[in-house]
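Before any comments, here is the structure.
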DNA sequence: CACGTTCCGATACGAGCGCATCGGTAGGCT
DNA sequence: AGCCTACCGATGCGCTCGTATCGGAACGTG
């Protein structure tokens, strides 16, 4: 067999290159040639990793979604009180916001894919799956918080979960448009989550 | 002078065609040729109305923004209690949501332009201008409501305005992704606005 | 009434796109 | 050690894009 390369690693690197291009110049900047250049591989390599451009974009979409989930996990682990439900809740939602440069890039990628999801049902299904995971996590956190008394018992979990997700998305849009700074958006989010505590 | 056509009317018709194409298949579907076909004019006519494609897209962006404002005005006029501040507030915010087919189309156009605004500062400025107008309107409504006792006096107007806009945007995203129906989004919005009443 | 000006719609062009194809090359098997 | 296979990176091909250009039709004017 000829020289072997790690296919999964290459796919991840390409997906990362796609995200960087979309985050900098939008979806239309993610041409196969530009992606190859950004990932420092040849055009042929990109074509062998992904049968078609659409397949590449879907993988990149799942890639950025995984990054958000991963960032939530990391923020929880690094937080001063990893065991506190309120902390976990806040850190999870913060991971969805554009609070730092990395998050800002992901937010731009997120809205690009979300806009595309509005007209391509297959992409919308991918996004809904991501949101389903986030919603489930929030439900678990809220329920655990109510059981150990950290979350007010009168909070209606399902509707509160939806409201928190809606708030995070709305704030992300506001930050991207420059109507909120990352700091002010974070403050709004924290005011909301602290309102849930006992 | 040769045969004269109404330039402004033609520009509006072209902008409408751009919105229909973007609402159906996304920003990339708005090529000059497709726009010309949708507007039932020649490619040359589109080029003479707009010096460049970007100029056309900016005009279309302002066009859909004007439609939202116009819809808010129409909803207020048609509402059962045009004089009630609470009604005006609710109808204004409803105009920002994708509550009917026309609104759904506009919402898809909105998110397409918003995504582009995240990477093109010039477009972001246009969007910010639109939001500034909406925010000013909401501030006026809330203040008037407080003065005549229809809105709770403890509502902090500036932050509430931002919160309402953020909520409307977040709900729009959720509807576009299929995580909210137009009806459920409207219900969330109404619950929020009725909470502001005395 | 014919001319000339002015604007319209069709065509032409270079560039860049996604995708398909094809020698070259680097290792595993006997 | 040498062959042979499997994969890599470069090149080619239609196609469509945005933009520039050009002949022709339509009206005010002398």
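Chains as they are written, first to last, in this note's numbering: chain C, 36 to 233; chain V, 36 to 233. A virtual CB, placed ideally from N, CA and C, is assigned to each residue, including glycine. Since the model is a prediction, treat every value here as computed from it, not as a measurement.
query, result
"Straight-line Cα distance separating residue 79 of chain C from residue 131 of chain C", "34 Å"
"Residue-level contact to chain C via CB, residue 163 of chain V, 9 Å cutoff", "yes"
"Test: residue 223 of chain C CB closer than 9 Å to a CB of chain V", "yes"
"Counted within 10 angstroms of its Cβ, other Cβ atoms place residue 209 of chain V as buried (16 or more) or exposed", "buried"
"Residues that DSSP places opposite residue 232 of chain V in a beta bridge", "V/186"
"Interface flag, residue 98 of chain V vs chain C, CB-CB below 9 Å", "no"
"9 Å Cβ cutoff, residue 198 of chain C in contact with chain V", "yes"
"Nearest candidate by alpha-carbon position, reference residue 268 of chain C, set C/97, C/203, C/231, C/74", "The question about residue 268 of chain C has no answer, for chain C in this structure spans 36 to 233."
"Assigned exposure category for residue 143 of chain C - 16 Cβ within 10 Å defines buried", "buried"
"First through last residue of the alpha helix (DSSP H) which encompasses residue 194 of chain V", "192-212"
"Contact with chain V by residue 49 of chain C, beta-carbon distance below 9 Å", "no"
"Near-chain V residues of the segment 134-147 of chain C - C-beta to any C-beta below 8 Å", "142, 143, 146, 147"
"Assigned exposure category for residue 100 of chain V - 16 Cβ within 10 Å defines buried", "buried"
"DSSP-derived helix/strand/coil call for residue 122 of chain C", "helix"
"Whole-Å CB distance - residue 196 of chain V paired with residue 224 of chain V, under 8 Å assumed", "Actually they are not in contact, since the Cβ atoms of residue 196 of chain V and residue 224 of chain V sit about 14 Å apart, beyond 8 Å."
"Beta-carbon proximity check, residue 213 of chain V vs residue 214 of chain C, cutoff 9 Å", "no"
"CB contact below 9 Å: residue 73 of chain C versus chain V", "no"
"Beta carbon of residue 121 of chain V nearer than 9 Å to that of residue 231 of chain V", "yes"
"9 Å Cβ cutoff, residue 234 of chain V in contact with chain C", "Within the shown structure, residues of chain V are numbered from 36 to 233, placing residue 234 of chain V beyond reach of any answer."
"Per-residue DSSP class, three states only, for residue 132 of chain C", "coil"
"Residues that residue 152 of chain V contacts on chain C, provided the C-beta gap is smaller than 8 Å", "211, 212"
"Residue nearest to residue 45 of chain V in terms of C-alpha spacing, selected from V/62, V/58, V/76, V/200", "V/76"
"Check whether residue 181 of chain V and residue 190 of chain V have beta carbons under 9 Å apart", "yes"
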